[in-house]
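Trainee: Position 194 of the sequence shown, counting from 1, maps to 194 under UniProt numbering, and the rest follow consecutively.
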Amino acid sequence: MTVAVVGPGAIGTVVAAALRERGLAPSLHGRTAREHLELIVDDERIQVPGPVRTDPQQAQGPVDLVFLAVKATQIADAAPWLAALCGAETVVCVLQNGVEQVASIEPLAQGADVLPAVVWFPAQRQEDGAVWLRGQARLTVPDGDAGRRVADALRDTLCSVELSDAFASLAWRKLLQNAVAGLMALTGRRSGMFRRPDIAELSLAYLRECLAVARAEGAVLDDAVPDEILAAFQTYPEDLGTSILADRDAGRPLEWDIRNGVISRLARTHGIPTPISDAVAALLAATSDGPG
Ligand SMILES: NC(=O)c1ccc[n+]([C@@H]2O[C@H](COP(=O)([O-])OP(=O)(O)OC[C@H]3O[C@@H](n4cnc5c(N)ncnc54)[C@H](OP(=O)(O)O)[C@@H]3O)[C@@H](O)[C@H]2O)c1
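1. Can you grab the Cα-Cα spacing for the pair Q124 / M193, in whole Å?
2. Using a Cβ-based criterion (distance less than 7 Å to any ligand heavy atom), does T140 qualify as near ligand 1?
3. Check the Cβ-Cβ distances between S203 and every residue of chain B, and say whether any is below 8 Å.
4. For the alpha helix (DSSP H) that W120 lies in, which residues bound it at each end?
5. Decide if the segment 200 to 216 is in contact with the segment 146 to 154; the criterion is three or more beta carbon pairs, one per stretch, under 8 Å apart.
6. Is it buried or exposed, H270, if we count other Cβ atoms within 10 angstroms and call 16 or more buried?
7. Would you check if there are 3 or more beta carbon pairs closer than 8 Å linking the segment 160 to 172 to the segment 180 to 194?
8. Figure out for me which residue from V99, W120 and P62 has the closest Cα to the Cα of V92.
9. Taking just the CA atoms, how far does H36 sit from A231?
10. State yes or no: is the C-beta of D77 nearer than 7 Å to some heavy atom of ligand 1?
11. Check E89 in the structure and name its three-state DSSP category.
12. Give the DSSP-derived three-state secondary structure of L39 in the structure shown.
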């Protein structure tokens with residue numbers, strides 16, 4: 001099986017290391033040239049041989065399987081990699097948050113089979129360029145031929161893969177978590193803030209709007225989901241952040257549209273009023289993109 005990783009950052013490095021463990025030698029395609037990648041798991045440092053190629057004209061495709069792990073804000077810039085690496089027989093597994101992976105990647109993927117994934121684990125880039133895996137690496141993908149190709153590529157490695165026939169509902173549940181975590185990027189505070197009664201009340205009201213949109217889109221999620229998500233944030237360590245807050249702290253563009261804007265956009269197509277979502281999305285958009 002020929003495999004490529006596009007976007008060898010936090011998530012891409014974990015998957016690249018797992019592919020190596022499986023005996024596959026993924027080609028690495030990124031923005032910053034590097035000799036190798038480095039993954040920190042517990043006390044061990046695992047090197048993943050490179051190089052990280054940065055010129056799409058050097059890409060040798062089509063390949064059997066592409067893992068796309070750029071941020072949603074970087075998709076347009078990564079399009080030349082997809083053009084070079086994809087063909088009609090390729091599976092592109094999109095390792096990104098949100099519920100719109102197929103719609104955003106399919107037009108760029110040369111007829112490839114685009115497979116969304118839910119990424120369940122936290123991974124952080126360190127100042128020295130290494131990536132710290134902070135939890136059990138785990139993906140969920142839709143059950144089917146494309147999902148089985150991904151599961152096969154990562155079998156018996158540090159990154160487990162679950163095949164799900166309820167993928168859309170799982171992806172929506174994760175999106176609700178991501179949406180409410182966006183409030184941290186507005187306050188500049190971490191999970192501890194959800195213990196405040198006023199923030200808890202706001203979060204529940206926001207999550208209930210999100211739940212109505214999720215259900216209108218076909219997700220099967222029960223009434224308890226908003227309370228469960230809030231309770232989880234309230235029990236996390238007070239200083240646990242979220243990637244959209246890390247991006248804000250670093251002055252990078254925010255994935256506000258796929259994590260928050262999507263709720264209001266889809267709500268409009270169903271005629272569902274979402275005043276809290278509309279306010280949150282506008283504030284995050286301005287935080288990310290200015291002007292000012
Ligand atoms: N990290 C997590 O814990 C986590 C958990 C769940 C879901 N996710 C989601 O997973 C996705 C990836 O996140 P991440 O945290 O892995 O991001 P990341 O660490 O910023 O990695 C993105 C990688 O893409 C590279 N890149 C940027 N532009 C590119 C281009 N034009 N062509 C090729 N590569 C390019 C970046 O290069 P540089 O090295 O030059 O920046 C970087 O290596 C996001 O949607 C995120 O929300 C992340």
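Just so you know, even glycine gets a beta-carbon here, dropped at the ideal spot from N, CA and C.
Mentor: Let me lay it out:
1. Numbered from its first residue, the sequence shown carries residue 124 at position 124. Numbered from its first residue, the sequence shown carries residue 193 at position 193. Approximately 22 Å between the Cα atoms of the pair.
2. Translated into the one-based positions of the sequence shown, residue 140 becomes position 140. For ligand 1, not one heavy atom lies less than 7 Å from the Cβ of T140.
3. Among the chains of the structure shown, chain B does not appear; only one protein chain is present.
4. As a position in the sequence shown, residue 120 is number 120, starting the count at 1. Looking at the DSSP string, W120 is not in any alpha helix (DSSP H), and its letter there is neither H nor E.
5. no
6. Looking up residue 270 in the sequence shown gives position 270. By the 10 Å Cβ count, H270 comes out exposed.
7. no
8. Walking along the sequence shown from the start, residue 92 turns up at place 92. Nearest of V99, W120 and P62 to V92, Cα basis: P62.
9. Here the question's residue 231 lines up with position 231 in the sequence shown. Here the question's residue 36 lines up with position 36 in the sequence shown. When rounded, the distance between both Cα atoms is 40 Å.
10. Taking the first residue of the sequence shown as position 1, residue 77 is located at position 77. Answer for D77: yes, Cβ within range of ligand 1.
11. Here residue 89 is taken as the residue at index 89 of the sequence shown, counted from 1. In this structure, E89 counts as coil in the three-state DSSP scheme.
12. Along the sequence shown, read from residue 1 onward, the residue named residue 39 stands at position 39. If DSSP states are grouped into helix, strand and coil, L39 belongs with the strands.
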